[in-house]
Amino acid sequence: MTTDVHQLDDGAWVSVNDSREVNVSDLWRLAAHDFCACALADFLAEGFVEVSADGANVEGRIAGRCIQCGAEGVTDWLTLGRVDPDTGEFRPVVPESVHLPGRRRRPAAPR
Amino acid sequence: MPSKVERWKDETYGMEIREHLLRFAEEGWDAIPEDEHDAWFERFKWWGLYHQRKGQESYFMMRIGTPMGRMTPEQLRTVGEVARDYATGPVENPEFGDAYADFTTRQSIQLHWIKVEDIPDIWDELESVGLSTIQACGDSWRNIVGSPVAGRDADELVDVWPIVQELHEKFKGNDLYANLPRKWKVAMTGDRRGSGQGDINDLAFEPAIKELDGEEVEGFNVNVGGGLSRKEPRFARDIDVFCRPENAADVAAGMSSLFRDYGDRDDRFNARIKFLIDEWGPEKMRSVLQEEYMDYELPTAGQGLRDEYDYNAGRTDAHGDYIGVHDQSDGQNFVGLSVLVGRMSADDVIELADRAEAYGSEMIGLTQRQNLIVGDIADEDLDDFLDEDLLEEHSPDPHPFMRGSIACTGTEYCSLSIVETKNRMVRYGRWLRDNVDLPEGVNDFHIHLSGCTASCAQPQIADISLRGMKTRKDGDAVEAFDVGLGGGLGENPTFADWVKMRVPADEVPGYIANLLEAFEAERESPEQSFRDFVAERDEDELANLAESAETSYEDPYLGNTKLTWYPYAEDTSMDASPAPTDPNDQPLPSDD
Chain A
1 MTTDVHQLDD GAWVSVNDSR EVNVSDLWRL AAHDFCACAL ADFLAEGFVE VSADGANVEG
61 RIAGRCIQCG AEGVTDWLTL GRVDPDTGEF RPVVPESVHL PGRRRRPAAP R
Chain B
1 MPSKVERWKD ETYGMEIREH LLRFAEEGWD AIPEDEHDAW FERFKWWGLY HQRKGQESYF
61 MMRIGTPMGR MTPEQLRTVG EVARDYATGP VENPEFGDAY ADFTTRQSIQ LHWIKVEDIP
121 DIWDELESVG LSTIQACGDS WRNIVGSPVA GRDADELVDV WPIVQELHEK FKGNDLYANL
181 PRKWKVAMTG DRRGSGQGDI NDLAFEPAIK ELDGEEVEGF NVNVGGGLSR KEPRFARDID
241 VFCRPENAAD VAAGMSSLFR DYGDRDDRFN ARIKFLIDEW GPEKMRSVLQ EEYMDYELPT
301 AGQGLRDEYD YNAGRTDAHG DYIGVHDQSD GQNFVGLSVL VGRMSADDVI ELADRAEAYG
361 SEMIGLTQRQ NLIVGDIADE DLDDFLDEDL LEEHSPDPHP FMRGSIACTG TEYCSLSIVE
421 TKNRMVRYGR WLRDNVDLPE GVNDFHIHLS GCTASCAQPQ IADISLRGMK TRKDGDAVEA
481 FDVGLGGGLG ENPTFADWVK MRVPADEVPG YIANLLEAFE AERESPEQSF RDFVAERDED
541 ELANLAESAE TSYEDPYLGN TKLTWYPYAE DTSMDASPAP TDPNDQPLPS DD
């Protein structure tokens, strides 16, 4: 199964198989990260910079800011959700739960 | 590798999109294949249609480009009628009702809740009076901005209206320039006010005088690469070119061809020409323009008029806008009216068009400060016009807080925005008007509220800049703003200093009140402008000037409005959205 994924409208949202699925303005909790000095970053997603599909997994790098410490930048790769191989339905992760960015190294992907 | 958007554009783009839109209109929303939504929505932008955000599927924002914001009363009435008849959604806005038009910072008009099925009828109505949605969005020549009163302004060097009309004709619907790497924003200024705000445009023609062949010629200096978006603000840079008025179309063609050929089509985030001039520098930009795109020798830059600019310049000796009564060069008057956050009810739009026509006006102008001008009011009619009931709401002499406020679309409709904007700015304005005394001598105070880093409300060039953010308050995520101070254009354009970060939205009015109190107490004299006051202080001093505070101001939109399907619905949850809907706003049957 091929997953078609891209960001659109200046990075405002991520489209998965031509359905807009993940939007900016959510707060993401990041642990074990190097985005800022906070043990648990409280990261506001302001724009999707890169997105990619690794099999059924949809991943992205997001520009934004930790609202605890104010650090700005782009995150390492984050899992945004997964496409159900049986139904093709996208199941997004819950941004407010804790995420571990960049756990797997991956090549740059076309946008 | 070209971006996905470029591949979609290669397949279908430009004028031909119209035929597809007409087909979809006839067959209905469901005729747009679901697996092609992204591609078609990207293409529809070229014809001025922007799909609204999550929860509002099947609804579009429609943008009408009006060069320099200039219209006839008949055209304005048509906009009001289209807004009244088509721009209504399932839920009313509590501040603005059920039908309204938005006047934008680039002198265009935006209507919301547009259904694809209605587009042919809307186009028929708009085009019957000479209005169009062509290239209002998308990767091409956007609406050309400038002074709406060009040719009538008693304070101008060159009447640019004939030139702007020429550019509009030449670059709209022209296949050579239909598919650019990204948007292309052009400003043309002929007045001494700097009202084109060319500094923040991709290509700017600024009024200038140059001695050529022993003769003093009035024309333009050419600047390139301005823009505010994505935390990468740039002022347009001088490429050392003077342009005669009769050569403006050639220079514009050369520059937009250069952008078409050299702009980055692999990375849309790097595509605007501001990044190309970062890479090349102004000298190379000039030499490539000269050598590859021009068939005459470009003169070097002339003497500009920048030291006279007062538009949005934060000066104390001149209003930085078009509000109020102004002399026309023909002895009549133009009257600038305040339109708070640029939104006017459809009924008011129609009424204003009728009133303007009744007074013999042949010109309506939309300004980059989201206000509206009625031209051609004779001296003997002026008092009667100023007494019109409509001018109580849309005043030629508004309170400075109402006069200076700008806001973008925000989470009401926009995918990008982080926060609610227009209704909030209305509430800020009212609270400030009712609770805060402006320091003596302050007649203008510009607050620009933008929902995100796209900067559609031009937040970096205001006395107070508000940019949408989030923060936590008592543990809960709330809408917030980063606050900048002291930006503006004029002789020495300056971007705001961002001095307070993540101020909860309900504490912003208190911050502004405290800030103005500090300004009054610490300024050198009542003659010192707020902008100069800010410029004299370093970052730490500015950060310590004032604190945010809760006040009697109440903010009904403090929670996450982006998680709602529509922030003002009775049931705001995404599940309560009726979208996608049929042309009567009734939910379409689900496939499930």
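Chains as they are written, first to last, in full-length UniProt numbering: chain A, 1 to 111; chain B, 1 to 592. Note that the Cβ used here is the ideal one computed from N, Cα and C, for glycine as well.
Kindly indicate if chain B contains any beta-carbon less than 8 Å away from that of residue i.
i, result
"A:ASP88", "In the sequence under discussion, the amino acid at residue 88 of chain A is Gly, which differs from the Asp named in the question. No, because no Cβ of chain B sits closer than 8 Å to the Cβ of A:GLY88."
"A:HIS6", "yes"
"A:GLY70", "yes"
"A:ARG91", "no"
"A:ALA12", "yes"
"A:VAL24", "yes"
"A:HIS99", "no"
"A:SER52", "no"
"A:GLU59", "no"
"A:LEU40", "no"
"A:ASP78", "As written in the sequence, residue 78 of chain A is Leu, which differs from the Asp given in the question. Not one chain B Cβ lies under 8 Å of A:LEU78."
"A:ASP9", "yes"
"A:ILE67", "yes"
"A:ASP18", "yes"
"A:LEU27", "yes"
Looking only at DSSP bridge pairs, what is residue i linked to?
i, result
"B:TYR100", "B:SER345"
"A:GLY47", "A:ALA63"
"B:MET61", "B:TYR50"
"B:PRO587", "B:THR581"
"A:HIS99", "A:LEU30"
"A:PRO85", "Answer is none; A:PRO85 lacks a bridge partner."
"A:GLU72", "A:ARG65"
Helix, strand or coil, according to DSSP, for residue i in the structure here?
i, result
"B:HIS112", "strand"
"B:MET1", "coil"
"residue 614 of chain B", "Beyond the ends of chain B as shown, which are 1 and 592, falls residue 614 of chain B; an answer cannot be given."
"residue 596 of chain B", "No statement about residue 596 of chain B is possible, as the shown extent of chain B runs from 1 to 592 and does not include it."
"B:ASP307", "helix"
"B:GLU351", "helix"
"residue 597 of chain B", "Nothing in the structure corresponds to residue 597 of chain B, since chain B is present only between 1 and 592."
"B:LYS185", "coil"
"B:ASP191", "strand"
"B:THR561", "helix"
"A:TRP77", "coil"
"B:VAL534", "helix"
"B:MET15", "helix"
"B:LEU382", "helix"
"B:ASP376", "strand"
"B:ILE364", "strand"
"B:ASP321", "coil"
"A:HIS6", "strand"
"B:GLY69", "helix"
"B:HIS20", "helix"
"A:PHE35", "coil"
"A:ALA56", "coil"
"A:ALA41", "strand"
"B:HIS37", "helix"
"B:GLU554", "coil"
Would you say residue i faces chain A, with C-beta separation under 8 Å as the test?
i, result
"B:HIS37", "yes"
"B:THR409", "no"
"B:LYS562", "yes"
"B:THR12", "no"
"B:ILE418", "yes"
"B:ARG424", "no"
"B:GLU34", "yes"
"B:ARG234", "no"
"B:THR471", "yes"
"B:SER415", "yes"
"B:LYS274", "no"
"B:GLU42", "yes"
"B:ALA477", "yes"
"B:LYS4", "yes"
Is residue i near the ligand FAD, judged by its Cβ being under 7 Å from some heavy atom?
i, result
"B:ASP575", "Looking for the ligand FAD in the displayed structure turns up nothing, as the structure carries no ligands at all."
Which parts of the UniProt domain "Nitrite/sulphite reductase 4Fe-4S" (137-294) of chain B are runs of the beta strand (DSSP E), unbroken and 3 residues or longer, counting only runs that do not cross its ends?
-> 186-188, 203-212, 215-224, 237-243
Could you name each continuous alpha helix (DSSP H) segment of 4 residues or more that falls completely within the UniProt domain "Nitrite/sulphite reductase 4Fe-4S" (402-546) of chain B, going from the start of the chain to the end?
-> 422-435, 508-522, 530-535, 539-543
With 7 Å as the C-beta to C-beta threshold (strictly closer), list the residues of the region 440-464 of chain B near chain A in chain order.
-> CYS452, THR453, ALA454
Can you list, in chain order, the residues of the region 46-64 of chain B whose Cβ is nearer than 7 Å to any Cβ on chain A?
-> LYS54
Which of the residues in the region 492-518 of chain B, read from start to end, lie with their CB under 8 Å from any CB of chain A?
-> MET501, ARG502
Could you please tell me which residues of the region 174-195 of chain B, in chain order, have their CB closer than 9 Å to any CB of chain A?
-> Listed by position along the chain: nothing, the set is empty.
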